[in-house]
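Protein chains in written order, with the numbering used here: chain B, 125 to 493; chain R, 125 to 493.
2 protein chains.
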Amino acid sequence: MQTELSTTLGVEHAVFGFTPFPAVAAAISRAGGFGVLGAVRYTAPDDLARDLDWIDAHVGGRPYGLDVVMPARKVEGVSEADVEAMIPPGHRQFVQDTLAKYGVPDLPAGEAAGWRITGWMEQVARAQLDVAFGHPIRLLANALGSPPPDVVARAHDRGVLVAALAGSARHARKHKDAGIDIVVAQGYEAGGHTGEIASMVLTPEVVEEVHPLPVLAAGGIGSGEQVCAALSLGAQGVWLGSMWLTTTEADLHSPALTRKLLAATSSDTVRSRALTGKPARQLRTEWTDAWDGADSPGPLPMPLQGLLVAEAVSRIQRYEVEPLLGTPVGQIVGRMTAERSVQEVFDDLTRGFERAVDRINRIAGRSDR
Amino acid sequence: MQTELSTTLGVEHAVFGFTPFPAVAAAISRAGGFGVLGAVRYTAPDDLARDLDWIDAHVGGRPYGLDVVMPARKVEGVSEADVEAMIPPGHRQFVQDTLAKYGVPDLPAGEAAGWRITGWMEQVARAQLDVAFGHPIRLLANALGSPPPDVVARAHDRGVLVAALAGSARHARKHKDAGIDIVVAQGYEAGGHTGEIASMVLTPEVVEEVHPLPVLAAGGIGSGEQVCAALSLGAQGVWLGSMWLTTTEADLHSPALTRKLLAATSSDTVRSRALTGKPARQLRTEWTDAWDGADSPGPLPMPLQGLLVAEAVSRIQRYEVEPLLGTPVGQIVGRMTAERSVQEVFDDLTRGFERAVDRINRIAGRSDR
Chain B
125 MQTELSTTLG
135 VEHAVFGFTP
145 FPAVAAAISR
155 AGGFGVLGAV
165 RYTAPDDLAR
175 DLDWIDAHVG
185 GRPYGLDVVM
195 PARKVEGVSE
205 ADVEAMIPPG
215 HRQFVQDTLA
225 KYGVPDLPAG
235 EAAGWRITGW
245 MEQVARAQLD
255 VAFGHPIRLL
265 ANALGSPPPD
275 VVARAHDRGV
285 LVAALAGSAR
295 HARKHKDAGI
305 DIVVAQGYEA
315 GGHTGEIASM
325 VLTPEVVEEV
335 HPLPVLAAGG
345 IGSGEQVCAA
355 LSLGAQGVWL
365 GSMWLTTTEA
375 DLHSPALTRK
385 LLAATSSDTV
395 RSRALTGKPA
405 RQLRTEWTDA
415 WDGADSPGPL
425 PMPLQGLLVA
435 EAVSRIQRYE
445 VEPLLGTPVG
455 QIVGRMTAER
465 SVQEVFDDLT
475 RGFERAVDRI
485 NRIAGRSDR
Chain R
125 MQTELSTTLG
135 VEHAVFGFTP
145 FPAVAAAISR
155 AGGFGVLGAV
165 RYTAPDDLAR
175 DLDWIDAHVG
185 GRPYGLDVVM
195 PARKVEGVSE
205 ADVEAMIPPG
215 HRQFVQDTLA
225 KYGVPDLPAG
235 EAAGWRITGW
245 MEQVARAQLD
255 VAFGHPIRLL
265 ANALGSPPPD
275 VVARAHDRGV
285 LVAALAGSAR
295 HARKHKDAGI
305 DIVVAQGYEA
315 GGHTGEIASM
325 VLTPEVVEEV
335 HPLPVLAAGG
345 IGSGEQVCAA
355 LSLGAQGVWL
365 GSMWLTTTEA
375 DLHSPALTRK
385 LLAATSSDTV
395 RSRALTGKPA
405 RQLRTEWTDA
415 WDGADSPGPL
425 PMPLQGLLVA
435 EAVSRIQRYE
445 VEPLLGTPVG
455 QIVGRMTAER
465 SVQEVFDDLT
475 RGFERAVDRI
485 NRIAGRSDR
């Protein structure tokens with residue numbers, strides 16, 4: 125699975141793996157792919173520095189990257205407290221009522237909410253970048269629009285390629301105009317923030333729109349046959365996120381969540397604004413159902429919703445309250461039916477890819493070549 | 125583009141084209157694909173007989189099929205008038221108010237609503253079948269679940285293959301259990317009635333679920349690269365519907381609608397219950413927006429909604445009231461940017477398919493073979 129982009133980056137397979145877990149990121153790169161560590165959960169730059177040091181020691185000299193969540197537009201002089209003050213009391217009450225209904229205990233005294241998507245606040249993301257540029261990252265991805273121009277310039281000065289996610293051709297064009305190097309076309313079926321356009325339609329539209337920039341296809345990819353499909357659509361590689369959640373190297377800290385992921389079918393996700401305020405695909409749970417229900421006050425816009433639910437999500441996770449327990453994940457969750465190592469996932473991807481290429485050649489009447 | 129199924133049916137390309145227009149169906153089969161005429165708009169069996177006669181005279185001896193909309197469960201002794209009586213007056217008022225807001229004129233005296241999805245009523249569909257089995261159809265497709273067992277048996281007695289649409293693996297399994305021969309996996313991005321699962325995920329799930337039955341991939345396919353992707357996912361062919369709407373052989377009877385289709389992007393469709401009561405992807409219009417709006421009484425269940433809006437849709441179409449004018453169409457509408465003949469669409473599909481196969485072989489390191 126060699127494309128121009130995988131050759132440029134010096135990796136064996138044009139398979140990019142996004143993950144919040146350093147051990148998974150390192151294993152992806154060691155297996156011949158390109159591991160990308162998600163930084164959004166790191167509140168303290170020191171924690172990120174520690175984990176990047178760990179990756180450097182365990183990646184075997186292979187290239188890897190970092191994914192941040194950085195808004196293109198800066199909001200000056202607004203603190204987290206200012207944003208918290210914008211949350212209506214009725215919304216806070218709905219959260220507390222829903223938690224009470226399921227008997228979700230409080231966090232132990234002195235334990236802060238661990239789940240906070242504060243990485244998307246620009247000052248946090250910039251502190252992460254200061255750390256990251258001190259490590260040998262080869263790629264910087266941004267999940268929330270194009271990064272600011274000075275960040276793109278700083279990356280380019282260091283020979284770091286910049287990638288950005290797009291859910292439409294129009295969105296992708298903005299990335300190209302902002303000097304981005306790689307566009308990740310994120311289809312409707314993908315986990316996390318997604319648009320309405322499915323990968324089958326979106327990938328070739330983005331490829332055509334940003335030509336000659338390389339495009340990675342994201343959304344719905346978890347087998348070698350799906351890799352072959354995505355590359356048929358013109359992508360120079362694939363971007364997988366969900367698949368790694370149930371690998372043995374992943375560290376979900378929740379046997380109940382792992383069980384739910386392994387049991388879920390492709391019909392068990394929902395695109396909901398309940399987690400961050402923007403539509404994000406995730407496991408459908410009684411928590412997302414509550415936000416979609418008749419009594420719901422409706423999710424708040426980003427970043428208010430993320431702040432509103434941060435403590436609740438931490439409590440649900442800490443006590444593994446099964447009916448409410450969820451995570452961002454794509455429709456490919458239906459294929460995640462057993463825990464496997466990252467290497468096993470890669471072996472399966474490469475075997476499936478070869479099978480698909482054989483089959484396509486037979487259909488094209490080239491099997492005798 | 126030769127698969128086991130295309131060989132069985134004796135067609136050159138594993139491309140199945142669904143269309144309401146006899147001239148398009150015949151042109152698809154003449155171009156080496158497999159044309160499937162949609163019967164749902166035929167209220168009178170004689171009209172269907174006339175159009176099938178026309179196809180027989182113009183298809184050049186190539187095989188073709190028929191698509192009906194037949195409920196698996198029979199509702200005994202219920203007339204169209206009984207069903208009409210179940211529509212709440214508030215819903216009728218909403219339709220009239222919305223039409224009045226846009227100044228949509230009444231139909232001329234004596235002119236009946238031409239647009240009626242009455243084909244889904246079982247007695248109508250059965251009358252269609254009596255006609256169809258008198259013609260050399262090779263395939264009978266049903267868009268609404270498995271056809272009743274006696275219909276499947278009748279088709280098999282005549283050597284007619286039976287296909288049914290499915291939006292999930294569970295749904296596809298029911299078709300297999302009902303003795304269906306071919307499953308059409310209809311992805312989220314498809315036009316008309318669709319589920320939530322996108323083609324990239326749905327196709328391989330259905331292939332695995334109904335193995336060894338052949339699967340056709342539907343949804344998001346309009347280029348040879350997309351054909352290659354769908355076949356990579358294990359499909360034995362592709363099922364295209366939207367693409368033919370803007371061919372020169374199509375007969376939309378509405379220059380305004382053709383203009384809207386040619387101008388629409390992949391972001392300009394919506395999955396709405398406004399047309400039939402079940403979620404169906406269609407052009408997003410001020411009509412679908414009205415049904416999604418705050419004042420909307422909400423669409424009624426099938427078949428009530430279809431009966432409720434039948435006259436309104438006819439009036440909107442007859443007077444080409446542009447803001448309200450729509451049609452079922454998939455996200456692939458973004459690729460429909462110029463009127464072309466059916467043959468030109470096929471030439472484009474086959475060229476794109478060969479390009480994609482070349483590219484995949486290069487990526488797989490087989491370009492030297």
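Beta carbons are placed, not taken as given, at the ideal position from N, Cα and C, and that holds for glycine.
*Straight-line CA distance for A290(B) to V276(R)?*
As a first step, residue 290(B) is located in the first sequence; it is residue number 166 there, counting from the start. As a first step, residue 276(R) is located in the second sequence; it is residue number 152 there, counting from the start. If you take the alpha carbons of A290(B) and V276(R), they lie about 45 Å apart.
*Cutoff 7 Å: T370(B) Cβ touching any chain R Cβ*: Working through the first sequence from its first residue, we reach residue 370(B) at position 246. Answer no: the Cβ-Cβ gap between T370(B) and chain R never drops below 7 Å.
*So R459(B) is in the beta strand (DSSP E); what residue range does that whole segment cover?*
In the first sequence, residue 459(B) corresponds to position 335, counting from 1. Where R459(B) is concerned, there is no enclosing beta strand (DSSP E), given that its DSSP letter is neither H nor E.
*Starting from the beta carbon of S292(R), find every residue of chain A whose beta carbon is closer than 9 Å, and list them in chain order.*
Structure shown: chain A not included; protein chains present are B and R.
*Please go through the same chain and pick out, in chain order, the residues whose beta-carbon is closer than 8 Å to the beta-carbon of R493(B), but skip the five residues on each side of it.*
Looking up residue 493(B) in the first sequence gives position 369. Residue confidence for R493(B) is low, a pLDDT of 46 falling below 50, so the modelled location carries little weight; the figure read from the coordinates is stated next. Answer for R493(B): N485, listed in chain order.
*Are the C-beta of M367(B) and some C-beta of chain R separated by less than 7 Å?*
Taking the first sequence and counting its residues from 1, the one referred to as residue 367(B) is at position 243. No, M367(B) lies away from the interface with chain R (no Cβ there is under 7 Å from its Cβ).
*Okay, do the region 474-482 of chain B and the region 316-327 of chain R touch, 3+ Cβ pairs below 8 Å being the bar?*
no
*In the DSSP assignment, what are the bridge partners of W363(B)?*
Here residue 363(B) corresponds to residue number 239 of the first sequence, with the count starting at 1. According to DSSP, which records beta bridges pairwise, W363(B) is partnered with F140(B), A342(B).
*Partners in chain B for S323(R), counting only beta-carbon separations shorter than 7 Å*: In the second sequence, residue 323(R) corresponds to position 199, counting from 1. Neighbours of S323(R) on chain B, chain order: A322, M324.
*Label Q441(B) either buried or exposed according to how many other C-beta atoms from any shown protein chain fall within 10 Å of its C-beta, with 16 as the threshold for buried.*
Taking the first residue of the first sequence as 1, we reach residue 441(B) at position 317. That one is buried.
*According to the Cβ coordinates, are L340(B) and V308(B) closer than 7 Å?*
Here the question's residue 340(B) lines up with position 216 in the first sequence. Here the question's residue 308(B) lines up with position 184 in the first sequence. Yes, Cβ-Cβ distance for L340(B) and V308(B) is below 7 Å.
*Quick one: complete beta strand (DSSP E) runs, 3+ long, within the region 253-341 of chain R?*
263-266, 285-290, 306-310
*Return yes when the Cβ of V457(B) is within less than 7 Å of the Cβ of A404(B), no when it is not.*
For the purposes of this step, residue 404(B) is taken as residue 280 along the first sequence, with counting starting at 1. For the purposes of this step, residue 457(B) is taken as residue 333 along the first sequence, with counting starting at 1. No; because the gap between Cβ atoms is not below 7 Å, this pair is not in contact.
_Beta-carbon separation (whole angstroms), F361(B) vs V139(B), contact threshold 8 Å_ = Taking the first residue of the first sequence as position 1, residue 361(B) is located at position 237. Taking the first residue of the first sequence as position 1, residue 139(B) is located at position 15. A small correction: the amino acid at residue 361(B) is Gly; Phe does not occupy that position in the sequence shown. Right, their Cβ atoms sit about 7 Å apart.
*Secondary structure at Q126(B), three-state DSSP: helix, strand or coil?*
Within the first sequence, residue 126(B) is the residue found at index 2, counting from 1. Coil at Q126(B), not helix or strand.
*Ends of the alpha helix (DSSP H) at D482(R)?*
Reading the second sequence from its first residue, position 358 is the one you call residue 482(R). Looking at the DSSP string, the run of the alpha helix (DSSP H) that includes D482(R) is 466-487.
*Distance, S130(R) Cα to D170(R) Cα*: Reading the second sequence from its first residue, position 46 is the one you call residue 170(R). Reading the second sequence from its first residue, position 6 is the one you call residue 130(R). Approximately 31 Å between the Cα atoms of the pair.
*To which residues of the same chain is K298(R) closer than 7 Å at the C-beta, ignoring the five residues directly before and after it?*
As a first step, residue 298(R) is located in the second sequence; it is residue number 174 there, counting from the start. Answer for K298(R): S270, listed in chain order.
*For V331(B), count neighbouring C-beta atoms within 10 Å of its own C-beta (all shown protein chains included) and say buried if the count is 16 or more, exposed if not.*
For the purposes of this step, residue 331(B) is identified with residue 207 of the first sequence, where counting begins at 1. With 16 or more Cβ atoms within 10 Å of its Cβ, V331(B) is classed as buried.
*Go through its chain and collect everything with a Cβ distance to H182(B)'s Cβ below 6 Å, but skip five positions before and after it.*
What you label residue 182(B) is simply residue 58 of the first sequence in a count that begins at 1. The answer, listed in chain order, is A150.
*Checking contacts by CB at 7 Å: is I484(B) closer than that to chain R?*
As a first step, residue 484(B) is located in the first sequence; it is residue number 360 there, counting from the start. Interface residue, yes.
*May I have the straight-line CA-CA distance separating W363(R) from P213(B), to the nearest angstrom?*
Here residue 363(R) refers to the residue found at position 239 of the second sequence. Here residue 213(B) refers to the residue found at position 89 of the first sequence. So the two alpha carbons sit approximately 51 Å from each other.
*asked:* Output needed for V219(R): all residues of its chain with C-beta closer than 6 Å, excluding positions within five of it in sequence on either side, in chain order.
replied: For the purposes of this step, residue 219(R) is taken as residue 95 along the second sequence, with counting starting at 1. These residues qualify, in order along the chain: A436.
*Establish whether the CB of L385(R) and some CB of chain B are separated by less than 7 Å.*
Position 261 of the second sequence, counted from the first residue, corresponds to residue 385(R). L385(R) does not count as touching chain B.
*Name the chain B residues whose beta carbon is nearer than 8 Å to that of S347(R)?*
Reading the second sequence from its first residue, position 223 is the one you call residue 347(R). Near S347(R) (Cβ distances below 8 Å), the residues of chain B are P328.
_For R493(R), three-class secondary structure by DSSP_ = To locate residue 493(R), count along the second sequence from 1; it is residue 369. Unreliable positioning characterises R493(R) in this predicted model, as indicated by a pLDDT of 46, which lies under 50. The coordinate reading is nonetheless provided below. R493(R) falls in the coil class under three-state DSSP.
*Residues of the region 449-463 of chain B whose Cβ lies closer than 7 Å to any Cβ of chain R, in chain order*: Q455, I456, G458
*DSSP puts D191(B) in a beta bridge; with which residues?*
The residue labelled residue 191(B) in the question sits at position 67 within the first sequence. Bridge partners of D191(B): G162(B), A265(B).
*Is the Cβ-Cβ distance between V325(B) and K300(B) less than 7 Å?*
Mapped onto the first sequence, residue 325(B) falls at position 201. Mapped onto the first sequence, residue 300(B) falls at position 176. No, Cβ-Cβ distance for V325(B) and K300(B) is not below 7 Å.
*Might you give, ordered along the chain, the residues of its own chain that have their beta carbon closer than 6 Å to the beta carbon of F145(B), omitting 5 neighbours on each side?*
Residue numbering aside, residue 145(B) sits at position 21 when the first sequence is read from its first letter. So the list reads A374, D375, once near-sequence residues are dropped.
*Can the beta-carbon of A398(R) be found closer than 7 Å to that of T409(R)?*
Position 274 of the second sequence, counted from the first residue, corresponds to residue 398(R). Position 285 of the second sequence, counted from the first residue, corresponds to residue 409(R). No, the Cβ-Cβ distance between A398(R) and T409(R) is not below 7 Å.
_Taking the alpha-carbon of K402(B) as reference, which of P379(B), R383(B), G430(B) has the nearest alpha-carbon?_
Taking the first residue of the first sequence as position 1, residue 402(B) is located at position 278. Closest by alpha carbon: G430(B).
_Less than 7 Å between CB atoms is the rule here; does E313(B) satisfy it with respect to chain R?_
Taking the first residue of the first sequence as 1, we reach residue 313(B) at position 189. Yes, E313(B) lies at the interface with chain R (some Cβ there is under 7 Å from its Cβ).
*Kindly list, in the order they appear in chain B, the residues whose Cβ is closer than 8 Å to that of L355(R).*
Looking up residue 355(R) in the second sequence gives position 231. Residues of chain B passing the Cβ test: R483, I484, I487.
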